[in-house]
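Structure first, commentary second.
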DNA sequence: ACGTGATGACTCC
DNA sequence: TGGAGTCCCTCACG
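In my numbering, the protein residues as written are 5 to 568.
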């Protein structure tokens, strides 16, 4: 409901009005007045409306209370001025300026006055009071209008102080009025759109402490990692290498506050540098080689779950991160998290389309994809297409044939050719059939793209042979695997070891807690575990592209680095 | 019927 | 004693 403006309810003083009309009246006798009377309190308002002489005077001049021009029309029982309408009616009132009253007009005026009195007595006072409330605090209205469901949620589902992010002092309770847990948002202050300074959360205004971390990131990004030699060593050697990778206490660190939802590892070979995104929109950067407190810092470039992150393969000084509403690029050389793309639709995943990382394919949760070109900032440029998925979780571009990309979601896993995308009704090049429940992830093998591994809620890992893309793709192996991560853990994603074409890493519910490495044949090659250090489930894992390093993130924001 | 997302008790240090 | 960390196999809703 469009509530009337506070000012519009005050009728102008007749004398003043008349003066204005004399000045502004047109030869036809119509006046186009723009009156902006000062706001008036509700109580005063009633007093102003009730005295009849004033009403009559106003009415005689063709004005209704509220500064609105009366439209001449047939009188009727509902012939009252409409406090809800906007000011447009005043403009098209036409030649209604009345100086001499006909019988009809007198009757009409009587109606108007009676009705005005009636409304002033009943509704206007109420409205004015509500207006006042709006002017001071919107909250009373919000609670009135709030859906009962939300109110219920608040009462039925009681949340602990810690979960409400309420400081023990209770200070933040004042700052968190109307948006308690709206959309699961964990954080109170909303991150604005547009570029954000790369300043850690705990040190707003004092970036001195992060200087080391960011300088390190910048420095290691200048050195081109030479190791694209993705060796395909024999399985025995590979297993030995895996066995040599161990976890020690100093290589465990909590880098974000809440559950890890995505991770990225910097390609540098000199320094181990990891980024983790959590459920609340935080991104933690950790220089694993720096053992001091300054080795890790938290930034907050998003409002919501950071679902996908990649260092740019072209320029690892850029860290791209995706949240529900935006794709950002953290550029350490500029010390900003820049906006690349924003959408009203919920975003789920992205991948780079070319090696130069200038274009990215972004999937929307609801089944659309968008091609985002970073060279045209601030626009959702390029192609948008509906590929008919109900829910899309991950997207991955074929490592060799970049025209192919694969999406995985609740419906299925499909491979599309980007050259033949249409706005609607896209048919996939290949469908990877067999999933009976929703699919959490699907990724091409890193070197050739000849394999795809999927994680499905039907408690199976599947490996497909995608060496030739036909309408149906053969399942190579199926692995029984408990993927029921449930309520508190991020869903498992199976990721290939970039160094080993045919092996992938996946978290596990098995006890003792472990991270598993499988061969594409379905053979379990290794389980990373440590009875002393690893006591939780690592849902999200990344493997370094050249070094023997594996990082696992758990649902408490803690990262575990296995290295040799 | 199925997919999705929400959250609090308990243990350990 | 209290805060940090772990993790479930539920339940409402669309």
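For each residue, glycine too, the CB sits at the ideal point set by N, CA and C.
Beta-carbon gap between residue i and residue j smaller than 8 Å
i           : j           : result
residue 335 : residue 342 : yes
residue 255 : residue 567 : yes
residue 330 : residue 345 : yes
residue 458 : residue 443 : yes
residue 280 : residue 304 : no
residue 530 : residue 247 : yes
residue 560 : residue 540 : yes
residue 284 : residue 353 : no
residue 489 : residue 464 : no
residue 396 : residue 368 : yes
residue 296 : residue 227 : no
residue 523 : residue 239 : yes
residue 291 : residue 398 : no
residue 564 : residue 528 : no
Cutoff 8 Å; reference residue i; Cβ partners in own chain excluding five residues on either side
i           : result
residue 362 : 318, 377, 378 and 379
residue 250 : 534, 566, 567 and 568
residue 460 : 439, 440, 441, 442, 443, 444, 466 and 487
residue 245 : 237, 552 and 568
residue 452 : 403, 404, 471 and 505
residue 473 : 408, 419, 433 and 434
Candidates the options: closest to residue i by CA position
i           : options               : result
residue 493 : 200, 282 and 198      : 282
residue 562 : 238, 214 and 278      : 278
residue 201 : 400, 337 and 243      : 337
residue 446 : 274, 474, 355 and 196 : 355
residue 294 : 490, 217, 239 and 479 : 217
residue 340 : 508, 204 and 558      : 204
residue 449 : 500, 285 and 491      : 500
residue 433 : 427, 410 and 497      : 410
residue 306 : 266, 287 and 222      : 287
residue 454 : 480, 475, 220 and 555 : 480
residue 264 : 389, 196, 289 and 241 : 289
residue 516 : 524, 509, 502 and 532 : 532
residue 519 : 419, 555, 502 and 491 : 555
residue 456 : 428, 427 and 401      : 401
residue 195 : 387, 475, 332 and 462 : 332
residue 299 : 491, 199 and 276      : 276
Supposed contact pair residue j and residue i - C-beta distance, whole angstroms, cut 8 Å
i           : j           : result
residue 268 : residue 323 : 6 Å
residue 351 : residue 375 : With a Cβ gap of about 13 Å, residue 351 and residue 375 do not count as contacting.
residue 477 : residue 436 : 5 Å
residue 545 : residue 509 : 5 Å
residue 408 : residue 390 : That pair is no contact at about 18 Å.
residue 507 : residue 242 : 7 Å
Beta-carbon proximity list for residue i, same chain, < 7 Å, skipping 5 on both sides
i           : result
residue 393 : 371, 411, 413 and 415
residue 496 : 444, 459, 487, 489, 510, 511 and 543
residue 266 : 281, 310, 311, 312, 313 and 544
residue 316 : 322, 324 and 361
Spatial neighbours of residue i in its chain, beta-carbon cut-off 6 Å, leaving aside the 5 residues before and after
i           : result
residue 258 : 561 and 562
residue 214 : 204 and 301
residue 526 : 481 and 483
residue 514 : none
residue 347 : none
residue 262 : 282, 283, 284 and 561
residue 225 : 320 and 321
residue 469 : 478 and 480
residue 92  : Residue placement at residue 92 is poorly supported in this model, since its pLDDT is 33, which falls under 50; the coordinates are not used for a value here.
Residue i beta carbon near the ligand MG (any heavy atom closer than 7 Å)
i           : result
residue 548 : This structure lacks the ligand MG, and indeed carries no ligand of any kind.
- Length at least 4, wholly inside the segment 213-264: the alpha helix (DSSP H) runs in chain order: The segment 213-264 contains these whole alpha helix (DSSP H) runs: 215-226 and 239-248.
- Query: What alpha helix (DSSP H) runs, 4 residues minimum, are completely inside the segment 308-340?
  - Reply: none
- Task: With a floor of 3 residues, list each beta strand (DSSP E) that falls wholly inside the segment 369-455, ordered by position along the chain.
- Result: 372-377, 388-390, 396-401, 408-413, 417-421, 434-436 and 443-448
- Task: Write down every uninterrupted run of the beta strand (DSSP E) in the segment 459-526 whose length is 3 residues or greater and which is fully enclosed by it, in chain order.
- Result: 464-469, 479-484, 507-511 and 518-523
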